[in-house]
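Enquirer:
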Amino acid sequence: MNFDDIYHKYHRIIHYLLKRYYVKYNYDEFYQLLLIKLWQLSKNYNKNSNICLSSYLYQRLNFYLIDLFRKENLKPEIVEVDNLQTPQITSINTEITFFDYNDISKILNAQELAWYNYFIQGYKQFEIADLMHVSLSSIKKYKSSSIKKLTDYYFKGE
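Letter by letter, the sequence shown follows residues 595 to 752 in this note's numbering.
1. Are Leu651 and Leu629 closer than 8 Å when you measure CB to CB?
2. Could you give the DSSP three-state label for Glu689: helix, strand or coil?
3. Find the nearest neighbour of Tyr604 within the set Asn703, Lys743, Leu647 and Asp694, judged by alpha-carbon distance.
4. Have a look at Ala723 and Ser738 and give me their C-alpha separation to the nearest angstrom.
5. Would you decide whether Tyr616 is buried or exposed? Buried here means 16 or more other CB atoms lie within 10 Å of its CB.
6. Using a Cβ-Cβ cutoff of less than 6 Å, which residues in the same chain neighbour Ile701 once the five nearest sequence positions on both sides are dropped?
7. Can you find a heavy atom of the ligand NAD that lies under 7 Å from the Cβ of Tyr650?
8. Identify which residue in Ser729, Phe624 and Tyr712 has its Cα closest to the Cα of Arg664.
9. Using the Cα positions of Gln719 and Lys734, report the straight-line distance between them to the nearest angstrom.
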């Protein structure tokens, strides 16, 4: 089978996969990459294999698309600092902008303050639960109550 026949018969797999993963932004680029991969797979397909061509193409194209998504997420976003425009702040109230640890320690209870300290250090919730010897649901309650208290204090002025 030549590639034109394969293309006419199986190009819908590419459209299906792109719609399945809700690709809208770089649709043409992903389509082109998958089309190239379809061509490569059609060359590499073993006709004596137990797997039918459609299943082979679907599975390989699906995993290739997932790999492309992973590569897209790993690309760093490049921002040129010279062209970056920063907003000018005319007046700023320094009393409100800086979180004072003394205020935080007065607002939060001991468990919430311990959660806050671990959270600031970069621990994940399950790690904090292990360190504090409490359940994960307790950590979630500490988190939500801490955020509520700090939001009320700093943004609502309560």
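The C-beta atom is built at its ideal place from N, Cα and C for all residues, glycine as well.
Expert: Per the coordinate set shown:
1. no
2. Bear in mind that a pLDDT of 49 at Glu689, under 50, signals an unreliable position, so the number given afterwards is only what the model happens to contain. If DSSP states are grouped into helix, strand and coil, Glu689 belongs with the helices.
3. Leu647
4. 15 Å
5. exposed
6. Lys743 and Tyr747
7. As far as ligands go, the structure on display features none, and thus does not contain the ligand NAD.
8. Phe624
9. 8 Å
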